[in-house]
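J.:
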Amino acid sequence: MNISSTLASVVASGQIEASNIDPSVNAPAVATGAFSFMWLLIALPLLGAAILLIFGKRTDKWGPYLAIAMSCGAFIVGAVMYLTMLGLPANDRPVNLHIWDWVIVGDFQAPIGMQLDQLSIIFVLLITFVGSLIHIYSLGYMKHDPEKRKFFAYLNLFVAAMLLLVTADSYLLLYVGWEGVGLASYLLIGFWQYKPSAAVAAKKAFVVNRVGDVGLSIAIMLMFVTFGSVTFSGVLEDPAAANESTLTWIGLALLLAACGKSAQFPLQSWLLDAMEGPTPVSALIHAATMVTAGVYLIVRSAPIFDAAPDARTAVMVIGAITLIFGAIIGCAKDDIKKALAGSTMSQIGYMILAAGLGPVGYVFAIFHLVTHGFFKANMFLGAGSIMHGMNDQLDMRRFGALRKVMVITFITFSCGWLAIMGVPPFAGFYSKDKIIEAAFGVNVIVGAVALLGAGITAFYMTRLWTMTFTGKSRWTDDNKHPHESSAVMWIPMAILAFLSVVAGFMLAGAIETWLAPVTGFEETELAVSSLVMECASLALVVLGATIAYLQYRRDVPLVAPQHVSPLTVAARQDLYGDAFNEEVFMRPGQWLTRSMVFFDNRGIDALVNGIAASLGGLSGRMRRIQTGFARSYALSMLAGAVIVVATLILVRM
Amino acid sequence: MNSLLAAGTSPEFALPSIEYRLISPILLVLGMAVISVLVEAFVPRAHRRVVQLVLTFSTLIVALILVVMLAGQRAVTAAGSLAVDGPALFMQGTLLVLALMAALLVAERGVDPAGDAFAARANALPGSIDEREFTKRGWLTTEVWCLFLFSVGGMMLFVTGTDLLILFVALEIMSLPLYLLAGIARRRRLLSQEAAMKYFLLGAFSSGFFLYGSALLYGFAGTVDLGGIADAITANAGQNGLLIAGTALIAVGLFFKVAAVPFHQWAPDVYQGSPTAITAFMASCVKVAAFGAMLRIMYVALGGVRWDWRPMFWVIAILTMFVGSIIALTQTDVKRMLAYSSVAHAGFLLIAVVATNEEGLAGAMFYLLAYGVATIGGFGVITLVRDSTGEATHLSSWAGLGKRSPWVAGAFAVFLLSFAGIPLTAGFIGKFAVFEAGVAGGAGWLVVAAVLASAIAVFFYGRVIVILLFSVPAADGPTVVVPSSFTAFAIAAGLSLTVVLGIIPQPFLDLAEKASIFVR
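Line by line, the protein sequences are chains A and B.
Residues in the first sequence are numbered consecutively from 56, following the numbering used here.
Residues in the second sequence are numbered consecutively from 223, following the numbering used here.
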């Protein structure tokens with residue numbers, strides 16, 4: 056449970072490290088010693104999920120505890136790996152564990168292996184640590200749910216798949232993890248499937264993600280054709296050997312994949328609906344870990360993007376668009392979880408933007424990913440705690456004045472609020488300001504967008520915070536008695552809140568040194584000093600927060616006003632994301648489907664059915680030869696012998 | 223044989239040298255089969271089953287251990303008539319593993335309320351008073367075990383023999399017990415006896431072909447030794463009618479045993495009529511043994527004239543794949559469907575023979591193992607689905623089985639997926655290996671035809687899976703009997719091997735590859 060100390064040792068070791076690290080000599084070594092047990096990372100939670108699902112109701116009593124134990128076990132394994140890695144010189148840190156060769160036939164090789172390096176260990180720690188906390192939190196949150204066991208099984212399944220995703224040593228295996236988390240996400244969004252909205256949301260997430268997955272599979276196929284390999288070492292060793300347009304296509308396909316999984320424009324629409332899932336799920340999967348898989352994919356593929364500047368620019372632009380997009384949506388939502396979801400979208404926009412900046416940004420993308428993982432999970436758990444105390448009420452217009460009745464939630468949530476706004480010395484300050492600075496170093500417009508985003512973030516988060524915790528109570532009759540949640544819920548929140556405060560300054564500076572051997576790192580060159588930048592962004596934050604506070608401190612109507620600006624209307628409609636999908640994808644898609652169905656019925660089906668019918672007919676006729684008489688069988692054998700002899704003689708002639 | 227002929231020049235008879243260690247597995251199985259006959263004669267009826275079970279299983283296990291210990295040997299022994307080499311040992315191992323699994327099915331007596339799968343007394347007329355009396359007394363036909371061991375011994379000899387006469391003897395040792403075993407089912411005895419009769423008549427017919435072919439080849443080469451025939455072919459490169467005719471007739475004999483079209487017609491009737499445990503044994507082990515011998519004869523003796531016999535094999539392979547797959551489409555009986563499926567598999571395996579390269583040999587050995595384990599598992603499942611009259615093999619009664627017995631239906635579905643060659647099952651890797659060998663051996667178009675035939679085959683396997691798992695269960699459908707651990711273990715072994723060979727095939731492929739050189 057003491058990630059703080061392990062993270063602190065990142066700092067310590069980072070400073071001791073020699074700073075002249077040569078990224079070119081960074082080929083993974085064969086895993087030995089403690090590393091040869093890295094398969095346990097995946098095996099433990101997978102075993103948990105398997106036991107809970109296979110033994111079913113028999114595990115109802117102790118199943119959740121087993122799931123927690125498995126998740127914590129994976130964290131311990133991860134921590135041991137991390138400590139072992141700390142003891143190694145930077146160039147020896149990446150290790151590869153070959154598990155088995157699935158098929159090696161000619162040119163096609165499908166080795167299955169795991170790779171652990173400075174980048175993946177960060178993910179491993181984040182996933183297992185936040186994952187374990189949320190497992191524990193769920194014990195309280197899902198206490199009365201009849202399907203509690205299944206919920207924990209799916210959570211374990213998710214952890215296993217996510218760990219597979221980040222420890223795979225090839226794109227092919229990563230794809231397996233990628234689909235695994237998609238499956239877990241689908242199952243958990245639709246966990247309360249008796250609610251039609253949940254079932255529809257799960258389906259939507261699944262379908263939209265498929266679009267992104269097509270991107271990943273195209274990228275993998277292109278890699279195989281171009282490099283003859285799909286392993287990280289085979290593809291990323293020397294991508295510049297391929298021609299640039301191919302790399303650009305690979306990069307764009309990877310970006311499409313990232314857009315799907317990380318809810319980036321134009322595939323963002325599913326994330327808001329995904330909030331139908333239980334709140335711990337929103338915290339773990341749809342805020343802290345799975346949705347950041349796209350960032351991982353892009354940072355992992357850094358050598359490809361470094362060699363394909365056009366693709367990298369596209370990444371940056373997508374990130375910038377989504378960051379504003381999500382922020383605007385966050386401003387207009389009255390549903391607390393949806394407001395947070397808009398915020399998640401926007402914050403991942405920051406990460407994608409940073410990843411699109413190249414070596415000046417990769418490190419900060421991951422840095423922000425980690426801090427965001429802490430403070431956003433913290434706020435989602437806070438929202439869950441509020442829902443728990445408020446009879447599952449989600450509408451912030453019916454909150455207010457919760458500060459007094461839910462003191463712990465108020466304090467932990469406030470830590471997250473200050474962290475996401477980037478108020479020093481909270482975590483977000485260190486990570487987000489670095490991204491803004493780096494963005495200014497690359498392109499002034501992108502920098503301005505990132506800066507503006509900071510202001511809007513302050514506005515919507517303060518709006519959320521003010522409407523929920525301050526002002527007068529606007530509680531409706533069904534929940535007159537809000538109360539604080541039990542310790543099993545608030546302790547995880549408190550731990551995450553603590554990290555929302557300290558993770559920033561603990562990691563700042565150290566994470567660059569730590570990650571540089573994997574992702575490369577360059578200092579940003581700025582025209583103005585970074586102090587000026589920090590002051591500018593802080594000024595915007597204060598401005599945004601003040602406006603929001605002043606506006607929402609006063610009476611908030613119980614029903615959202617209808618006569619509002621067009622922008623608000625648009626933002627309430629998710630900036631017409633669904634309408635866009637409907638017009639651009641669904642309608643033409645339906646048209647295409649209809650015409651295909653028509654063609655299918657008339658053309659292909661006729662052909663297929665024709666073949667099937669004629670084969671069936673042939674079969675019916677042929678089986679009549681099977682008369683049951685031994686004499687006719689013998690005759691057939693004789694005929695066969697004649698055929699055999701005749702063919703042999705024919706060949707001779 | 224060479225040394226025998228050489229010995230003929232000197233007046234006194236020189237005893238051929240035999241390395242007993244090398245052929246110890248075969249000697250053990252055949253020797254124990256003889257002892258098993260003595261058991262029938264001297265052990266009281268009440269104890270026979272137990273004694274026979276212990277004897278059979280320990281024999282098979284010890285023989286398997288001996289085979290494993292011989293791994294890596296490459297020698298010709300017993301006066302040049304037996305070749306203990308990689309392929310021989312790999313296939314002996316495969317045969318013993320499959321025979322062990324089949325023996326588990328044969329040993330089962332928990333699924334039929336009347337006893338095991340065999341008639342109380344084979345000589346009692348079906349439906350007679352005697353039959354009822356014997357059944358009431360609970361007599362068992364424990365002779366099954368002697369026959370079983372003899373047959374296994376014959377098969378092991380068949381994949382090891384490198385001399386046409388030994389091969390013929392082995393063929394008969396293997397087949398004669400099978401004719402008997404096919405005819406002693408407890409249920410539907412007339413069908414069973416009819417199957418035995420047909421199998422015997424047609425088998426005798428095909429043995430005639432094989433023997434005549436051997437005689438013609440002897441006439442051509444002056445020797446029955448496979449290596450000697452190869453040398454004679456190199457020496458007389460020109461035309462020779464005896465060689466061509468001999469090749470054709472030997473091939474016919476072997477085509478019959480592997481059930482290639484048009485020599486396949488016995489298969490559906492015999493598979494359906496025989497006791498299902500014996501069908502499992504026959505479908506898996508006979509195929510291994512017959513392909514073992516076919517590969518050896520075609521590669522070692524007749525490799526020099528492969529340009530002559532390859533087109534004929536093309537024709538037979540294509541016929542076999544397509545006829546097997548197409549007729550299977552409209553089968554309504556599960557056992558008959560699997561029979562036609564086994565015919566189609568023989569077609570795919572013929573590609574490996576056509577390939578005449580190391581990959582072909584290695585691919586065929588892997589394929590036979592993959593096919594064998596799934597076959598025994600599949601027939602094992604069939605023994606469990608029963609109604610009041612015995613096994614319910616009509617497909618319609620299998621509808622919706624997955625709803626009532628998800629594990630049994632799921633296992634059967636996995637076996638079918640493996641037959642169909644779906645990835646992550648053993649069947650996929652086997653097909654892949656054989657097809658690749660075919661392409662490497664210059665039989666690209668044959669592989670294209672094979673892929674088309676597989677597509678047809680997927681349809682009928684898929685149809686059964688749909689019926690099994692997704693249709694509404696029949697109201698008065700059969701029940702799935704809970705077997706004793708014999709059958710359960712056989713099915714579990716088949717299932718796990720099918721999955722393991724599909725997921726971690728590389729060690730087995732490597733092993734087959736290392737074993738893929740014939741000695742002569």
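Virtual Cβ for every residue (Gly too), placed ideally from N, Cα, C.
Every value quoted in this text rests on a predicted model; they were computed, and no experiment measured them.
Cα separation between A505/B and S246/B?
T.: For A505/B and S246/B, the distance between alpha carbons rounds to 26 Å.
J.: Quick one: give me the first and last residue of the alpha helix (DSSP H) that T521/A is part of.
T.: From DSSP, the alpha helix (DSSP H) with T521/A extends over V499 to F524.
J.: Could you compute how far the alpha carbon of L524/B sits from the alpha carbon of F442/B?
T.: C-alpha separation (whole angstroms): 12 Å.
J.: Give the range of the beta strand (DSSP E) segment to which T464/A is assigned.
T.: Here T464/A belongs to no beta strand (DSSP E); instead the alpha helix (DSSP H) covers V462 to M476.
J.: Residues of chain B with CB closer than 9 Å to the CB of I698/A, please, in chain order.
T.: The contacting residues are P484, M534, V537, I538 and L541.
J.: Could you tell me if W646/A is buried or exposed, where buried requires 16 or more neighbouring beta carbons within 10 angstroms of its beta carbon?
T.: The residue in question, W646/A, is exposed, as its Cβ has fewer than 16 Cβ neighbours within 10 Å.
J.: Please list the partners that W155/A has in chain B, where partner means a Cβ-to-Cβ separation under 8 Å.
T.: Going along chain B in sequence order, the residues near W155/A (Cβ under 8 Å) are I726 and Q728.
J.: Give the secondary structure of F340/B by DSSP, where H, G and I count as helix, E and B as strand, and everything else as coil.
T.: In this structure, F340/B counts as strand in the three-state DSSP scheme.
J.: Quickly, what does DSSP pair A84/A with across the bridge? List them, please.
T.: Its beta-bridge partners are V150/A.
J.: Kindly list the residues whose CB is nearer than 8 Å to the CB of V80/A, restricted to its own chain and excluding five residues on each side of it in sequence; keep chain order.
T.: Note on V80/A: pLDDT 41, under 50, position unreliable in the model; the coordinate value appears next. Only N146 meet the Cβ criterion.
J.: Can you check whether the CB of G332/A is closer than 9 Å to the CB of I191/A?
T.: Cβ distance not < 9 Å, so I191/A and G332/A don't count as in contact.
J.: When the cut-off is 9 Å and only beta carbons count, does G683/A lie next to chain B?
T.: Cβ-Cβ to chain B under 9 Å: yes for G683/A.
J.: Taking all protein chains shown into account, do 16 or more other C-beta atoms lie within 10 angstroms of the C-beta of N446/A, making it buried, or fewer, making it exposed?
T.: The residue in question, N446/A, is exposed, as its Cβ has fewer than 16 Cβ neighbours within 10 Å.
J.: Output the distance between the C-alpha atoms of S676/B and M559/B, rounded to the nearest integer angstrom.
T.: Going by the C-alpha atoms only, they are around 15 Å apart.
J.: Does the stretch 474 to 487 of chain A come close enough to the stretch 373 to 390 of chain A to have 3 or more Cβ pairs within less than 8 Å?
T.: They do not touch, by the three-pair rule.
J.: How close, in whole Å, do the beta carbons of T139/A and A89/A come, if the pair is a contact with beta carbons under 8 Å?
T.: Sure, about 5 Å apart at Cβ, within 8 Å.
J.: Please check if any C-beta of chain A sits within less than 9 Å of the C-beta of M313/B.
T.: No - not a single Cβ of chain A is within 9 Å of the one on M313/B.
J.: Using a Cβ-Cβ distance under 9 Å, would Q553/B count as near chain A?
T.: For Q553/B, the answer is yes, since a Cβ of chain A falls inside 9 Å of its Cβ.
J.: Would DSSP call S540/A helix, strand or coil?
T.: DSSP places S540/A in coil when its eight states are reduced to three.
J.: With 8 Å as the C-beta to C-beta threshold (strictly closer), list the residues of the stretch 462 to 474 of chain B near chain A in chain order.
T.: Per Cβ criterion, the list reads I466, A467, T469, A470, L471, A473 and V474.
J.: Does DSSP put L424/A in a helix, a strand or coil?
T.: Correct three-state label for L424/A: helix.
J.: At the level of alpha carbons, what is the spacing between A346/B and D352/B?
T.: Spanning the two alpha carbons is a distance of roughly 6 Å.
J.: Does the ligand PLP have even one heavy atom less than 8 Å from the beta-carbon of L400/B?
T.: With respect to small molecules bound, the structure shown includes none, and the ligand PLP cannot be examined in it.
J.: Just to check my reading of the structure: M548/A and T464/A have Cβ atoms closer than 8 Å, yes? What is that Cβ distance to the nearest angstrom?
T.: Yes, they are in contact, since the Cβ atoms of M548/A and T464/A sit about 7 Å apart, within 8 Å.
J.: Count the other CB atoms, across all protein chains shown, that sit within 10 Å of the CB of G142/A; report buried if there are 16 or more and exposed otherwise.
T.: When all chains shown are included, G142/A counts as exposed.
J.: In three-state DSSP terms, what is S738/B?
T.: Coil, per DSSP.
J.: Just reading off the beta strand (DSSP E) that V306/B is part of, what are its end residues?
T.: Here the beta strand (DSSP E) through V306/B covers L304 to V306.
J.: Three-state secondary structure (DSSP) at E234/B?
T.: It is coil, neither helix nor strand.
J.: To the nearest angstrom, report how far apart F485/B and T605/B are at their CA atoms.
T.: Answer to the nearest angstrom: the Cα atoms are 27 Å apart.
J.: I need the boundaries of the beta strand (DSSP E) containing T568/A, first residue and last residue.
T.: Not the beta strand (DSSP E): T568/A falls in the alpha helix (DSSP H), residues A565 to T574.
J.: I'd like the span of the beta strand (DSSP E) that includes A297/B, first residue to last.
T.: Taken as a continuous stretch (DSSP letters only), the beta strand (DSSP E) holding A297/B covers A297 to T299.
J.: Do A312/A and W233/A have their C-beta atoms closer together than 9 Å?
T.: Going by C-beta atoms, A312/A is nearer than 9 Å to W233/A.
J.: What would DSSP say about G675/A, mapped onto helix, strand or coil?
T.: Helix.
J.: Can V285/A and I275/A be called in contact, C-beta distance under 9 Å?
T.: Closer than 9 Å, so yes.
J.: Tell me, which residues are paired with P166/A by DSSP?
T.: Partner(s): D156/A.
J.: Count Cβ pairs between the stretch 374 to 393 of chain B and the stretch 511 to 522 of chain B that sit closer than 8 Å; are there 3 or more?
T.: Yes: at least three Cβ pairs fall under 8 Å.
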